[in-house]
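Comments concern the structure below.
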Amino acid sequence: MTQTGKPCAPRQLSLGVSLNDDATFDNFYAPDDSANAQVLALLREQVNGGAEWFVYLWGASGVGLTHLLQAGCHRAQAAGLSVQYLPLAELVGFAPSDLLDGLEQVDYVCIDALQAVAGRPDWDEALFHFYNRMRDAGGRLLVAAVQGPQELPVGLADLRSRLQWGVTCQVQPLTDEQKCAALMRRAHARGLELSEEVAHYIIQRVPRDMNELFCYLQRLDHASLAEQRRLTIPFVKKALNL
Amino acid sequence: MVLPASVWKSCVSNLQEELPSQQFNTWIRPLRIDDSAESGVLRLLAPNRFVCDWVAEKFLHRIQEMALQLQPQGGLEVQVGISHGPQRAAPAFKRPAAQPRAAAPAPVPVPEKPREAPPISGYGQTAAVAEELNGQLGFDQGGQGSAIEVEGGLKHKDHLNRSFTFASFVEGKANQLGLAAARQVAENPGGAYNPLFIYGGVGLGKTHLMQAVGNALLEKNPNAKVIYLHSERFVADMVKALQLNAINDFKRYYRSVDALLIDDIQFFAGKERSQEEFFHTFNALLEGGQQIILTCDRYPKEIKGLEERLKSRFGWGLTVAVEPPELETRVAILMKKAAQAHIDLPPDAAFFIAQRIRSNVRELEGALKRVVANAQFTARKIDVELVREALKDLLALQDKQVGIDNIQRVVAEYYKIKINDLLSKRRSRSVARPRQVAMALAKELTNHSLPEIGEAFGGRDHTTVLHACRKIKELQEESADIREDMKNLLRSLTT
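Residue numbers (numbering that gives the first Met the number 0), protein chains in the order written: chain E, 0 to 241; chain X, 0 to 494.
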């Protein structure tokens with residue numbers, strides 16, 4: 000496959016799906032040598048046309064699967080590839096053929112939340128055929144789900160064995176220490192100074208799902224800007240009603 | 000005096016009980032009795048030389064024995080020969096292949112001159128229709144190495160994966176029959192083994208075998224028109240051709256090939272119009288001596304939603320099964336894949352992976368890819384330690400899935416007894432044997448110690464577990480039933 004994208008309609012618009020600009024590989028927190036750093040390396044290689052065309056990611060809610068898929072789309076778009084991001088949890092009302100027919104013409108396809116449709120016969124068969132077409136077309140496919148291919152309740156054995164055929168990686172949840180580090184790094188990227196002490200204070204008092212933590216950070220960012228205050232414990236306590 | 004037909008009926012029923020179903024389906028089921036045989040002879044007709052030779056070598060003696068038992072007064076001689084295909088002379092095939100056939104009733108009317116059909120979505124001219132076909136029906140404009148010109152200027156693209164060759168196929172007990180048949184077809188396409196029907200579970204190498212034949216045919220004759228496609232594509236092409244009023248081009252395209260390879264034909268189920276079209280294509284190819292190879296996830300007769308006439312035609316050539324590879328073959332597959340990718344995979348690491356991944360070759364390849372990715376990222380050499388680390392999610396999951404609880408549940412369900420019976424002190428055969436089977440499976444599939452296994456089976460001693468494991472090993476050698484039970488249980492616990 001060449002690096003030149005194939006002509007493709009902007010499907011995001013027609014499906015009402017848009018990418019979050021903040022989702023990039025660079026701002027996905029993964030300590031050096033960690034399993035998640037390995038996932039990042041693998042995904043970068045996949046976009047660059049490296050060894051593996053099909054990657055299956057799985058992990059618990061909040062580990063950053065959506066972030067990684069959307070980051071992959073951004074990176075692929077920047078490389079001149081045509082891309083499609085399909086969050087199945089939001090698209091479950093569509094007929095599978097409406098979403099998947101002809102999709103193999105796209106260079107890089109990311110399918111998020113496979114668990115939303117797995118086990119539905121029409122979806123299983125449509126995904127199976129799509130996988131075959133995508134493979135034949137020489138495209139790149141990135142799939143994410145909350146369970147690995149063995150556990151996902153797929154009904155069609157042909158689909159399950161294909162989901163097991165690529166590189167399968169579990170995205171690991173961060174420890175509390177790593178979550179603090181991730182929060183501080185994201186704050187820094189926003190131009191905020193968040194000390195380790197304050198990061199710990201937040202982590203111990205709010206839900207520790209990374210999506211939630213980043214939402215709290217966004218609230219703090221707005222509050223800090225509005226009141227022209229630094230992120231101290233008293234300010235955070237007041238701003239977040241803790 | 001019992002009639003040969005009745006003797007044969009009883010033999011079939013006995014053989015069905017004696018043989019594993021795949022062997023029965025492959026060798027016994029296709030045999031037909033020759034009604035014109037002289038008195039005192041039970042002559043069986045095999046669809047081709049391959050089946051005939053195999054039956055003569057492996058089963059004839061047993062069939063003769065059975066015939067003798069059923070007719071103790073003797074005198075019934077059993078013979079096996081080759082059928083000369085009276086079925087193929089059926090009226091449906093008398094039309095000359097070269098003449099285009101009238102299309103069967105179609106949802107979209109086919110005008111006499113389809114290329115002058117009214118414009119559809121802007122495709123109103125002959126050239127435009129051809130161009131649309133070229134783009135959408137897999138007909139290529141050329142320029143690629145694998146495109147071959149055929150009548151009318153349209154070109155075939157074979158869609159073969161060049162890496163699926165006989166040389167890259169790993170032979171094992173489970174697939175040696177399929178491999179032998181595929182080689183025969185590659186040697187003599189359009190001959191006696193037409194169609195070649197390969198069936199078996201997912202990820203066992205059906206597509207590889209089928210494409211290996213295609214690649215071998217192209218190697219022998221680079222101008223051969225070999226087409227590989229998934230059944231879905233056949234359906235999609237047909238639908239598109241109907242929409243574009245180009246069904247005659249579709250027919251001409253698929254009937255002009257030297258070999259047509261269609262994968263996963265179970266997906267034709269319920270698609271009546273496609274079956275109709277495929278039926279005619281099938282007949283035309285067979286009549287023209289062009290090779291057909293089909294794969295499916297099950298034996299033809301077991302495909303629901305497929306027309307009977309197609310099922311019966313699928314059985315005209317040779318039907319072979321591929322089964323899950325045994326441990327040694329799994330190791331060999333891993334070593335071969337690693338060698339192909341220029342990766343140094345030590346045998347003990349390959350063994351470690353193969354022992355734990357049993358279901359199919361795709362999962363095995365997936366596991367190897369994961370190990371390789373891990374080795375590259377960490378810049379370490381592959382060894383058992385690295386494999387254990389790289390596959391820890393998978394291995395932990397397997398331990399979780401194949402726990403003793405799970406084994407007890409599956410075994411109890413299989414033998415239709417209660418889990419409590421397995422744990423009880425009862426020693427009647429109907430309970431003791433399943434209990435021993437479950438203990439042997441627990442030793443093989445989990446990492447629990449013998450005392451732990453004994454404890455989980457109602458607080459038994461570890462020597463009881465040891466005895467159970469030895470007993471089941473012995474029984475597997477002696478009894479086909481226990482062998483079959485263990486095979487079925489292993490399959491349901493590990494896939």
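Ideal Cβ placement from N, Cα and C applies to all residues, glycine included. Predicted model only: the values in this text are computed from it and were never measured.
Contact set for residue i: own chain, Cβ-Cβ below 6 Å, skip 5 residues either direction
i: Met133(E); result: Glu103 and Leu140
Interface flag, residue i vs chain E, CB-CB below 9 Å
i: Leu393(X); result: yes
i: Gln140(X); result: For Gln140(X), the predicted structure reports a pLDDT of 32, less than 50, and the residue's modelled location is therefore unreliable. A value from the coordinates is still provided. By this cut-off, Gln140(X) is not an interface position.
i: Glu111(X); result: Any reading at Glu111(X) must be qualified, since the residue scores a pLDDT of 33, below 50, and its modelled position is unreliable; the value itself is stated next. It does not: the Cβ of Glu111(X) has no partner Cβ on chain E nearer than 9 Å.
i: Arg490(X); result: no
i: Lys486(X); result: no
i: His229(X); result: yes
i: Gly144(X); result: Caution is warranted here: a pLDDT of 33 is assigned to Gly144(X), below 50, making its placement in the model unreliable, and the coordinate value is therefore given only provisionally. No, its Cβ sits nowhere closer than 9 Å to a Cβ of chain E.
i: Lys368(X); result: yes
i: Gly199(X); result: no
i: Asn13(X); result: no
i: Ser162(X); result: no
DSSP three-state assignment for residue i, whether helix, strand or coil
i: Ile291(X); result: strand
i: Lys336(X); result: helix
i: Ile147(X); result: With a pLDDT of only 41 at Ile147(X), under the threshold of 50, the placement of this residue in the model should not be trusted, and no figure is reported.
i: Lys415(X); result: coil
i: Lys156(X); result: strand
i: Ile403(X); result: helix
i: Asn35(E); result: helix
i: Ala144(E); result: strand
i: Ala437(X); result: helix
i: Glu388(X); result: helix
i: Asp262(X); result: strand
i: Ser120(X); result: Confidence at Ser120(X) is low in this model, with a pLDDT of 30, below 50, so the placement of that residue is unreliable and no value is reported for it.
i: Gln83(E); result: strand
i: Thr174(E); result: coil
i: Asp111(E); result: strand
i: Arg229(E); result: coil
i: Thr25(X); result: helix
Residue-level contact to chain X via CB, residue i, 9 Å cutoff
i: Thr167(E); result: yes
i: Gln147(E); result: Looking at the sequence provided, one finds Gly at residue 147(E) rather than Gln. It does: the Cβ of Gly147(E) has a partner Cβ on chain X nearer than 9 Å.
i: Gln104(E); result: no
i: Leu85(E); result: no
i: Gln76(E); result: no
i: Leu67(E); result: no
i: Asn131(E); result: yes
i: Leu113(E); result: no
i: Leu41(E); result: yes
i: Arg228(E); result: no
i: Trp122(E); result: no
i: Arg159(E); result: yes
i: Ala156(E); result: yes
i: Asp32(E); result: yes
i: Asp97(E); result: no
Close-in-space but distant-in-sequence residues of the same chain around residue i (CB under 8 Å, 5 per side omitted)
i: Trp164(E); result: Phe53
i: Ile416(X); result: Ser429, Val430 and Pro433
i: Arg408(X); result: Ile418
i: Ser96(E); result: Ala125
i: Tyr413(X); result: Pro433, Asp484, Asn487, Leu488 and Ser491
i: Asp296(X); result: Tyr198, Gly199, Gly200, Val201, Asp263 and Gln265
Contacting residues, own chain, Cβ-Cβ under 7 Å from residue i (five flanking each side not counted)
i: Gly134(X); result: Model confidence at Gly134(X) stands at a pLDDT of 49, short of 50, so the residue's coordinates are unreliable and nothing is read from them.
i: His461(X); result: Leu449, Pro450 and Gly453
i: Phe249(X); result: Leu136, Asp236, Met237 and Ala240
Whole-number beta carbon distance between residue j and residue i, since they are thought to touch under 8 Å
i: Ala59(E); j: Val145(E); result: 7 Å
i: Leu495(X); j: Arg357(X); result: What the structure shows of chain X is the stretch from 0 to 494, and residue 495(X) is not part of that stretch, so it cannot be assessed.
i: Leu208(X); j: Gly177(X); result: 5 Å
i: Ile32(X); j: Leu18(X); result: Between Leu18(X) and Ile32(X) the Cβ distance is about 18 Å, and since that is not below 8 Å, they are no contact.
i: Tyr28(E); j: Arg207(E); result: No, Tyr28(E) and Arg207(E) are not in contact; Cβ-Cβ is about 14 Å, not under 8 Å.
i: Val116(E); j: Val82(E); result: Rounded, the Cβ-Cβ distance is 20 Å, inconsistent with contact.
i: Ala77(E); j: Tyr107(E); result: Their Cβ separation, rounded to whole angstroms, is 11 Å, which puts Ala77(E) and Tyr107(E) out of contact at 8 Å.
i: Ile352(X); j: Ala366(X); result: 5 Å
i: Leu219(E); j: Val205(E); result: Not really, about 11 Å apart at Cβ, beyond 8 Å.
i: Leu260(X); j: Tyr227(X); result: 4 Å
Neighbour flag for residue i against chain C, beta carbons, 9 Å
i: Glu89(E); result: Chain labels in this structure do not include chain C; the protein chains are E and X.
Legend entry - Runs of alpha helix (DSSP H) wholly within the region 268-314 of chain X (minimum 4 residues, chain order): 271-286 and 307-313
Inset, instruction - Pick out the complete alpha helix (DSSP H) segments inside the region 176-252 of chain X, 4 residues or longer, and give them in chain order. - result: 205-219 and 230-242
Inset, instruction - At 4 residues or longer, and completely inside the region 39-86 of chain E: list those alpha helix (DSSP H) runs for me, N to C. - result: 64-77
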